Amino acid sequence: MTLVEHLTELRKRLFISCAAIAVGAIVAFALYNQILDFLLEPYCDIKKGDCQLFVTSPLDGIATRLKIAGYGGLMIASPVVLWELWRFITPGLHKQEKKYAIPFIASSTLLFFFGVLLGYLTFPKALDFLITIGGDQINEIFSPKEYVSFFLKVMLAFGLSFEFPVVLVFLELTGAVTAKRLGGWRRQAMVVIIAAAAVITPSQDPYSLFAMAVPMYVFYEVAILIGRILKK
32 MTLVEHLTEL RKRLFISCAA IAVGAIVAFA LYNQILDFLL EPYCDIKKGD
82 CQLFVTSPLD GIATRLKIAG YGGLMIASPV VLWELWRFIT PGLHKQEKKY
132 AIPFIASSTL LFFFGVLLGY LTFPKALDFL ITIGGDQINE IFSPKEYVSF
182 FLKVMLAFGL SFEFPVVLVF LELTGAVTAK RLGGWRRQAM VVIIAAAAVI
232 TPSQDPYSLF AMAVPMYVFY EVAILIGRIL KK
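Rendered as structure tokens:
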């Protein structure tokens, strides 16, 4: 393919991905109340039911709804986005490498949602830590826009971090790295993973840090094992 053909293909894939995200956003916009109740559950559990959010601007309500629609649309459309990403990459791969398309999409989608689930389960501990670390003299008043944004960023960060093994296996398939080389980088990888988890987690709390770093290192070892199996 020429450069123009590559750009045309990229435009096509981006258009389909954006259309899928738009459809997902419409669905999330319509399910706003149910999604907001779902997002408030961890905070309500901590506050024993006293979990009201307060707006400080007339625009906070619509901003919150649009934010939920945007993030919700991205999550709903993630399988389509991953598929289009793979379709854009596959022309540069060999025939035997293209057979991994379905496993790539399936594993990427499952890992993303498992990451989101782990972020959701970790969030109450992280939120409780952030609320109590300031001391009893501080009373929190959360706006829906800031709370929802923070919560969704945490879940998105966990979802994206769980794509780590897919990236490593893909690099092994393309020959960019080998399982042997990854095995020799274990110590450096552990340090980089912990540092990356500290940067990626929006809350910067120890619960989120270790909840993200430990699975990422496990994924690193799994990617090495998969690389050795594929080499055989």
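In terms of our numbering, the sequence shown opens at residue 32 and continues consecutively. No residue lacks a Cβ here, since even glycine has one placed at the ideal position from N, Cα and C. Note that the structure is predicted; figures quoted are calculated from it, not measured.
Cβ neighbour criterion (16 or more within 10 Å) applied to residue i
| i | result |
| --- | --- |
| K79 | exposed |
| F69 | exposed |
| F154 | buried |
| K211 | exposed |
| F8 | The chain is shown only over 32 to 263; residue 8 falls outside these bounds and no answer can be derived. |
| G150 | buried |
| W216 | exposed |
| P73 | buried |
| F332 | Look at the range of the chain in this structure, 32 to 263, and you will see that residue 332 is not part of it. |
| A137 | exposed |
Residue i versus residue j: straight-line alpha-carbon distance, rounded
| i | j | result |
| --- | --- | --- |
| D236 | H37 | 43 Å |
| M243 | A226 | 11 Å |
| D76 | R42 | 45 Å |
| S180 | P89 | 17 Å |
| A53 | Y63 | 15 Å |
| L202 | A94 | 39 Å |
| L158 | G206 | 42 Å |
| S48 | V198 | 20 Å |
| V245 | V35 | 43 Å |
| I107 | G55 | 5 Å |
| F27 | F189 | Any property of residue 27 remains undetermined from this structure, which presents the chain solely from 32 to 263. |
| I231 | L187 | 10 Å |
| E40 | V222 | 38 Å |
| S109 | T140 | 7 Å |
| T87 | F193 | 35 Å |
| A50 | G104 | 10 Å |
| Y238 | K156 | 7 Å |
DSSP state of residue i mapped onto helix, strand, coil
| i | result |
| --- | --- |
| I224 | helix |
| D236 | coil |
| K98 | helix |
| S88 | coil |
| A207 | coil |
| A278 | In the structure displayed, the chain extends from 32 to 263; residue 278 sits before or after that span and is not available. |
| W216 | coil |
7 Å Cβ cutoff, residue i in contact with chain B
| i | result |
| --- | --- |
| T140 | The displayed structure is made up of one protein chain only, and chain B is not part of it. |
Next on the checklist: If we require 4 or more residues per run, which alpha helix (DSSP H) segments fall completely within the region 42 to 86?
Outcome noted: The region 42 to 86 contains these whole alpha helix (DSSP H) runs: 63 to 77.
Checklist entry - Fully enclosed by the region 131 to 196, which alpha helix (DSSP H) runs are 4 residues long or longer? => result Counting only runs that start and end inside the region 131 to 196, the alpha helix (DSSP H) elements of at least 4 residues fall at 132 to 163 and 175 to 192.
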